[in-house]
Structures are given as C-alpha cells and as structure tokens.
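Its first residue numbered 275, the sequence shown is counted upward by one per residue in my numbering.
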Amino acid sequence: MLGLLDGQSDGRFAYAIWWLPDDAGWPDAPDYEAGEYDLNYLQAGGTAERMSVDAQIVDGGQMRHFIVGRDHDVDEPLTESVTVAGTEHARHPAEVFDADEATELFFHYYEHRGTVPDGYVLRPLDLS
C-alpha cells in the first residue's frame, strides 16, 4: 500500500493502521467499547519515494503526537520537507522515508503491539 502513495490531495496521500488487541471486538458488535485503542495509530503521508511517518499515542490519559525518525538529535533543524495532500511539512532528514523502509516500521508496529523498533526516535509534535 505505501508504494502507491502519490502525495496528491485527490489521490493517495496517506495510510494509517491501528493496533488492537485480540479481545477488542468489532465496532459493529453489541457492547463494543473502543477505549483508547482507536486513538493510537501509525500513519504515513507523502509519496512512495518520500514520506514521513507519525504516531499518535495515548500515554497516561494524554494523547500525544510524534514524528518517527531514524536515530538523530530531535533538536536539530528541520531542513527537509515532505508533501502531503499538496501541503509541505518540515522534517529532519532522518524523518524522511521511502515506502520500503516505512513498510518495515508498519510491520513492526503491527507485530509488536503498537511500538516502533529500537533505533528510531519519536520527536514530539505540538498540534495546538
């Protein structure tokens, strides 16, 4: 799927997954409660050649948003950009991925209970 991203607002510009435990149930089932499950996700936006990956995580009742990157100093300047739906988003060079590397992040997120692999950092993103 990530290889199909084209970055255009009228095309395929983003892809997201949510990790759910086996006992979460189905949204259309009686007595379904999503809890915090539907608030935690991993998503990618941009093009197959140039995308960024971000995560939303609920921690201690607080929703937090992060940009995923290879190991780097999160205080370094954001000198690159990724186009998502026609809008430029500033990123650190270590936060720009191609579809193949981003796919590895998605598989890890799915297989390891909603986490990113060791060796990657999460840069907090203030959405206020």
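Positions of the beta carbon are idealized from the N, C-alpha and C atoms, including for glycine. Source: prediction; values computed, not measured.
- V348 is positioned such that its CB atom lies no closer than 9 Å to that of V390.
- Within the segment 307-350, the runs of beta strand (DSSP E) at least 3 residues long that lie entirely inside it are, in chain order, 315-320, 325-333 and 336-344.
- Our two residues, A329 and E350, have alpha carbons roughly 20 Å apart in a direct line.
- Taking 9 Å as the cut-off, the beta carbon of H366 is found no closer than this to the beta carbon of I331.
- Distance between G360 and H382, taken at the CA atoms: about 29 Å.
- Selection V358, D297, L276 and E323 evaluated against D284 yields V358 as nearest (Cα-Cα).
- With a contact defined as Cβ atoms closer than 8 Å, A376 and L276 qualify at about 5 Å.
- In the structure shown, P398 falls within a strand segment according to DSSP collapsed to helix, strand and coil.
- Rounded to whole angstroms, R324 and G334 show a C-alpha spacing of 33 Å.
- The three-state secondary structure of D284, taken from DSSP, is coil.
- Nearest neighbour of L316 by Cα position, chosen from H339, D296 and D297, turns out to be H339.
- Closest option to W292, judged by alpha-carbon separation, among Q336, N314 and G281: N314.
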